[in-house]
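Heads up, the thing below is written out as structure tokens.
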Amino acid sequence: MREANTQGKGHHRRTLGLGLLLTATALAAGAIRISINGRVVPGTVVNIGGQNYVPVSALSAAGFKVSTAGGTLSITTTAGMAAAGNGTVAGGSQQLTALSGCLNQTLFNGVWRVKFSNLRLVPEDNSGRWTLDLEVRNGTSKMMTGADGMLMADSTHMAFLAADGTPMNWGTTDELNGQKFTFSQLPPSGVWRGVVTTIDGNNASAGRPPTKLLWRVAPSEGGDFAKALPWGVKDPSFRIDLTCTH
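Encoded structure:
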């Protein structure tokens, strides 16, 4: 199936010091992988007396500023924090201020609880479509729709990124899938379950999987109602690392 493409846009060039979320995941071979704010960073975890210790170099690799003075180890965010990984530099979509996490991890921005899971390539005619399960819960005491707070699941707010940072173009079906959430009504604690997809410009293939998903949430676009919602973070956008599972 050949579809008209829609180009993702709206990435910010801003940075923010997020709360440190550090996890250590045991691998089958016995090694332990370090993930900071949903980003895997280099380093080896050492277990002493049943306690896991993470090297300072791992924090530095994640973009944190680490210093020692007067017997105190200080860890702070920096204005130019870059995502961990070889060849990654500050700027562009990598620097979108957002809550960061992995697949199967619930993230809460004070208004919406969001979880992505089950990334897979679904064959379609002569091409395929990358598909993600999406679960969204209303975390407020108000009746909400997917358009409230500008949590729209469309190509102007959401982007699948390949390993090289290139956004994957949406097709008409992808936009329609996102609109199923955008126009759903949810009572307090109500949940919506569906999918978000990308046909990647009619070229979706196993050789070019998406590695990251960015969902730009901009309360300022939603008027006074959205601005008055109880956002629990400075910027309530979401960044999902599609290469890790919580």
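Under this note's numbering, the sequence shown has 964 at position 196, and the numbering climbs by one with no breaks. For every residue, glycine included, the Cβ atom is placed at its ideal position computed from N, Cα and C.
Query: Contact between the stretch 953-969 and the stretch 904-917 is defined here as three or more beta-carbon pairs at a separation below 8 Å; is this criterion met?; Result: yes
Query: Who pairs with residue 906 in a beta bridge, going by DSSP?; Result: 880
Query: Anyone know if the C-beta pair for residue 963 and residue 1010 falls short of 9 Å?; Result: no
Query: Sort out for me which residues DSSP pairs residue 1007 with in a bridge.; Result: 868, 982
Query: Mind checking residue 1007: buried by the 16 CB within 10 Å criterion, or exposed?; Result: buried
Query: Comparing alpha-carbon positions, which option in 986, 870, 984, 974 lies nearest residue 898?; Result: 974
Query: Considering only the alpha carbon of each residue, which of 919, 872, 894 lies closest to residue 887?; Result: 872
Query: What did DSSP end up calling residue 797 once you bin it into helix, strand or coil?; Result: Confidence is the limiting factor: at residue 797 the pLDDT is only 43, short of 50, which leaves the residue's position unreliable and the question unanswerable from this model.
Query: Alpha carbons only, please: which of 903, 867, 836, 804 is nearest the one belonging to residue 949?; Result: 903
Query: Count the other C-beta atoms from every protein chain shown that fall within 10 angstroms of the C-beta of residue 860, then say buried if there are 16 or more, exposed otherwise.; Result: Low confidence applies to residue 860: its pLDDT is 42, below 50, so where it sits in the model is not reliable, and the reading given next is rough at best. So residue 860 counts as exposed.
Query: Distance, Cα to Cα, residue 927 vs residue 1005?; Result: 12 Å
Query: Buried or exposed: where does residue 874 fall if 16 or more other Cβ atoms within 10 Å of its Cβ makes it buried?; Result: exposed
Query: For residue 841, which residues in the same chain have their Cβ closer than 8 Å to its Cβ, ignoring the five residues on either side in sequence?; Result: 824, 834, 835
Query: Using three-state DSSP, classify residue 901 as helix, strand or coil.; Result: strand
Query: Quick check: the Cα distance between residue 945 and residue 961, rounded to an integer number of angstroms?; Result: 11 Å
Query: Kindly list the residues whose CB is nearer than 8 Å to the CB of residue 852, restricted to its own chain and excluding five residues on each side of it in sequence; keep chain order.; Result: Unreliable positioning characterises residue 852 in this predicted model, as indicated by a pLDDT of 39, which lies under 50. The coordinate reading is nonetheless provided below. For residue 852, where only same-chain residues beyond five positions count, the Cβ hits under 8 Å are 804, 807, 808, 809, 810, 829, 830, 831.
Query: Can you tell me whether residue 988 is buried or exposed, with buried defined as 16 or more other CB within 10 angstroms of its CB?; Result: exposed
Query: CA-CA distance, residue 877 and residue 996?; Result: 14 Å
Query: Roughly how many angstroms lie between the CA atoms of residue 837 and residue 998, to the nearest whole one?; Result: 38 Å
Query: Can you list the beta strand (DSSP E) stretches of 3 or more residues lying completely in the stretch 907-990, in chain order?; Result: 926-929, 959-966, 980-983
Query: Use the C-beta contact count for residue 894: other C-beta atoms within 10 angstroms, 16 or more gives buried, fewer gives exposed.; Result: exposed
Query: Pop quiz: residue 972 and residue 889 are said to be a contact at Cβ under 8 Å. What is the actual Cβ separation, rounded to whole angstroms?; Result: 6 Å
Query: In this structure, does DSSP put residue 1002 in helix, strand or coil?; Result: coil
Query: In angstroms with no decimal places, state the Cα-to-Cα distance between residue 839 and residue 930.; Result: 43 Å
Query: Considering only DSSP beta bridges, list what residue 841 is partnered with.; Result: 836
Query: Is residue 827 helix, strand or coil by DSSP?; Result: helix
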